[in-house]
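Enquirer:
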Amino acid sequence: MIQNGEGIRTTTTAVAGGQITVNVGPNDTSVEISIAGSEQVESVPVPPNKDAVITVPAVPPGSIVLVTVGKGLRTRVILVEVIALAP
């Protein structure tokens, strides 16, 4: 399922260690990835086609990954839940 926000679009779930594609607006040059409750932030540059491919951190299922673009009043955040694959 795709989750939309102004200036950012991606899926709502992801597998730990997998990849997701984040589509951003024309004025954003990077996407920041962090885990809810953690202060560690990873910045990923956005290529000219505006589709950044992000590797989901290896975290336990149920964790929430914060995908952020923009600064200040233009900040947009989408929450992505990490899920486990069926055995």
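Going by the numbering used here, the sequence shown opens with residue 874, and the numbers climb by one from there.
The beta-carbon is built from N, C-alpha and C at its ideal position, and this holds for glycine as well.
1) Kindly indicate which three-state DSSP category Leu-946 falls into: helix, strand or coil?
2) For Val-926, which option in Leu-958, Pro-934, Ala-887, Val-895 has the closest C-alpha, if you only look at C-alpha atoms?
3) Hey, how far is the Cα of Ser-916 from the Cα of Leu-958?
4) Does the stretch 934 to 942 come into contact with the stretch 892 to 910, if we say contact requires no fewer than three beta-carbon pairs (one atom in each stretch) closer than 8 angstroms?
5) Distance check for Arg-947 and Ser-911, CA to CA, integer angstroms please.
Expert: Considering the structure as presented:
1) As a working mapping, residue 946 is identified with position 73 in the sequence shown. Secondary structure at Leu-946: helix, using DSSP grouped into helix, strand and coil.
2) The residue you call residue 926 lines up with position 53 of the sequence shown. With distances taken between Cα atoms, Val-926 lies closest to Val-895.
3) Taking the sequence shown and counting its residues from 1, one reaches residue 916 at position 43. Taking the sequence shown and counting its residues from 1, one reaches residue 958 at position 85. Rounded to whole angstroms, Ser-916 to Leu-958 spans 26 angstroms at the Cα level.
4) With a cut-off of 8 angstroms, the stretch 892 to 910 and the stretch 934 to 942 count as touching, because enough Cβ pairs lie within range.
5) The residue given as residue 911 occupies position 38 in the sequence shown. The residue given as residue 947 occupies position 74 in the sequence shown. Linking Ser-911 to Arg-947 through their CA atoms gives a straight-line distance of about 22 angstroms.
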